[in-house]
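Asks: Would you mind keeping the following structure in view while I ask a few things?
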Amino acid sequence: MMDEVDDRDFMSASVVDGDRDLDAGLRPSSLGDFIGQPRVREQLELVLHAARARGRTPDHILLSGPPGLGKTSLAMIIASEMGAAIRITSGPALERAGDLAAMLSNLVEGDVLFIDEIHRIARPAEEMLYLAMEDFRVDVVVGKGPGATSIPLEVAPFTLVGATTRSGALTGPLRDRFGFTAHMEFYETDELVRVLQRSAGILGIPIDADAATEVAGRSRGTPRIANRLLRRVRDFAEVRGNGHVDLAAARAALKVYDVDDLGLDRLDRAVLGALVRGFGGGPVGVSTLAVAVGEEPATVEEVCEPFLVRAGMIARTPRGRVATAGAWHHLGLQPPAGAIDQVHGVRAREDDAGTLFN
Ligand SMILES: Nc1ncnc2c1ncn2[C@@H]1O[C@H](COP(=O)(O)OP(=O)(O)OP(=O)(O)O)[C@@H](O)[C@H]1O
Ligand SMILES: [Mg+2]
Numbered sequence: 001m002m003d004e005v006d007d008r009d010f011m012s013a014s015v016v017d018g019d020r021d022l023d024a025g026l027r028p029s030s031l032g033d034f035i036g037q038p039r040v041r042e043q044l045e046l047v048l049h050a051a052r053a054r055g056r057t058p059d060h061i062l063l064s065g066p067p068g069l070g071k072t073s074l075a076m077i078i079a080s081e082m083g084a085a086i087r088i089t090s091g092p093a094l095e096r097a098g099d100l101a102a103m104l105s106n107l108v109e110g111d112v113l114f115i116d117e118i119h120r121i122a123r124p125a126e127e128m129l130y131l132a133m134e135d136f137r138v139d140v141v142v143g144k145g146p147g148a149t150s151i152p153l154e155v156a157p158f159t160l161v162g163a164t165t166r167s168g169a170l171t172g173p174l175r176d177r178f179g180f181t182a183h184m185e186f187y188e189t190d191e192l193v194r195v196l197q198r199s200a201g202i203l204g205i206p207i208d209a210d211a212a213t214e215v216a217g218r219s220r221g222t223p224r225i226a227n228r229l230l231r232r233v234r235d236f237a238e239v240r241g242n243g244h245v246d247l248a249a250a251r252a253a254l255k256v257y258d259v260d261d262l263g264l265d266r267l268d269r270a271v272l273g274a275l276v277r278g279f280g281g282g283p284v285g286v287s288t289l290a291v292a293v294g295e296e297p298a299t300v301e302e303v304c305e306p307f308l309v310r311a312g313m314i315a316r317t318p319r320g321r322v323a324t325a326g327a328w329h330h331l332g333l334q335p336p337a338g339a340i341d342q343v344h345g346v347r348a349r350e351d352d353a354g355t356l357f358n
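Number 206 in full-length UniProt numbering belongs to position 206 of the sequence shown; there are no gaps in the numbering.
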């Protein structure tokens, strides 16, 4: 039944059931294949090129940005552009320093060590990582109590690639040890059209240009969501039509799945609704807003808010979150006098030095 479709999962930028295989099959495999993110691509190209020319491993690289924008794909691309092997782990998996020591001691020269969700790494492992990043050495503590000794262990020169949806949650010392931070941004519609056309080509889905534009416009600036919507639209076109995705099929499919014009999902709409109806448009703190919609503050802050800010619905101010006139209009309400018109000049992410979303 239609109302059983969980649009929270459906429009979530995070990995949900069935995405893993899709992600793997559609991942771009070289920088040239990687669509969009022109700034990050140019910066990375320079870093990698210079390292190759010097015959050295590249500096440690931090990839920062909301879910589904291509951080894991980029980590793999970095390794393949360097002709290096990639070892993959994640912050939550590195609970004890020993877990990390084992990974580090198995590295061979030039390897890329990819730590996903690096902001969730446990403190003892993090401290070990400092030393490994800086001096390619770890101190392994053997034994307990007064007889414990610390044995220094060499680590082969490697490149750490960290990915985080919350670079603000990284400790200063860890952040400082990365030579380069790539700030991933939401994709423009025309870039998502190219992502969709590439994916449609790989999956053998015939899709018209205007249909691709329609899907792209509702994909929340996120390639993972674009790819997921593409599959749903294909299902619709195959079941209700002849398999060819034209504009009418795309629109009808998106209607079935309750994806609105902006691609907002239920939680986004709940956050906007709470802000506008519950708090008169704000300003209100993010934790208060999270309580109002029954979600974790981190989910509201990392998952909903970046896109709502980008879509011009919410502005972050020193006193809290504020609904823009656009948010009131989107909910079919008349904005009060004095509602913020647009979000030009408002920092989308505190940690995003100098980049403004418009
Ligand atoms: N620039 C791109 N060009 C083409 N496809 C892309 C691009 N970026 C991402 N994708 C697609 O989106 C999917 C998700 O990307 P990826 O897993 O790299 O995101 P992520 O940032 O690591 O997400 P998370 O934060 O959830 O780990 C990939 O499978 C790939 O198909
Ligand atoms: Mg990832």
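The C-beta atom is built at its ideal place from N, Cα and C for all residues, glycine as well.
Fair warning: this is a prediction, and the values are worked out from it, not measured in the lab.
1. Could you give the distance in angstroms between the alpha-carbon of Glu302 and the alpha-carbon of Thr165?
2. Ignoring anything shorter than 4 residues, give me the alpha helix (DSSP H) runs that lie fully in the region 26-57, in order along the chain.
3. Beta-carbon within less than 6 angstroms of Met11's beta-carbon, same chain only, minus the 5 sequence neighbours each way: which residues are those?
4. Determine contact between the region 307-318 and the region 260-278, defined as no fewer than three beta-carbon pairs at a distance below 8 angstroms.
5. Give me every residue whose Cβ sits closer than 7 angstroms to any heavy atom of ligand 2, in chain order.
6. Got a sec: does ligand 1 put a non-hydrogen atom nearer than 7 angstroms to the Cβ of Pro28?
7. Nearest CA to the CA of Ala163: which residue from Phe180, Thr149 and Ala156?
8. Using the three-state DSSP reduction, which class does Gly168 fall into: helix, strand or coil?
9. Going by DSSP in three states, Pro152 sits in which element: helix, strand or coil?
10. Measure the CB-CB distance between Met76 and Ile61 and report whether it falls below 8 angstroms.
11. Based on the DSSP secondary-structure assignment, which residues constitute the bridge partners of Leu63?
12. So, helix, strand or coil for Ala315, using DSSP?
13. Thinking C-beta only, is Ala101 closer than 8 angstroms to Val140?
14. Cα-Cα, which of Ala327, Arg137, Pro92 and Met133 is closest to Arg123?
15. Residue 361 lies in the beta strand (DSSP E); which residues open and close that run?
16. Can you grab the Cα-Cα spacing for the pair Gly320 / Gly110, in whole Å?
17. Applying the 10 Å Cβ sphere with the 16-neighbour rule, what's the burial state of Thr355?
18. Exposed or buried, which one is Leu160 when buried takes at least 16 other CB atoms within 10 Å?
19. Less than 8 angstroms between the C-beta atoms of Pro157 and Phe136, yes or no?
Replies: Short version:
1. 7 angstroms
2. 38-54
3. Asp265
4. yes
5. Lys71, Thr72, Asp116 and Ala163
6. yes
7. Phe180
8. helix
9. strand
10. no
11. Ala163 and Ala182
12. strand
13. yes
14. Pro92
15. Lying before the first or after the last residue shown, residue 361 is absent from the chain, which here runs from 1 to 358.
16. 45 angstroms
17. Here Thr355 scores only 34 on pLDDT, less than 50, and its place in the model is too uncertain to base an answer on.
18. buried
19. yes
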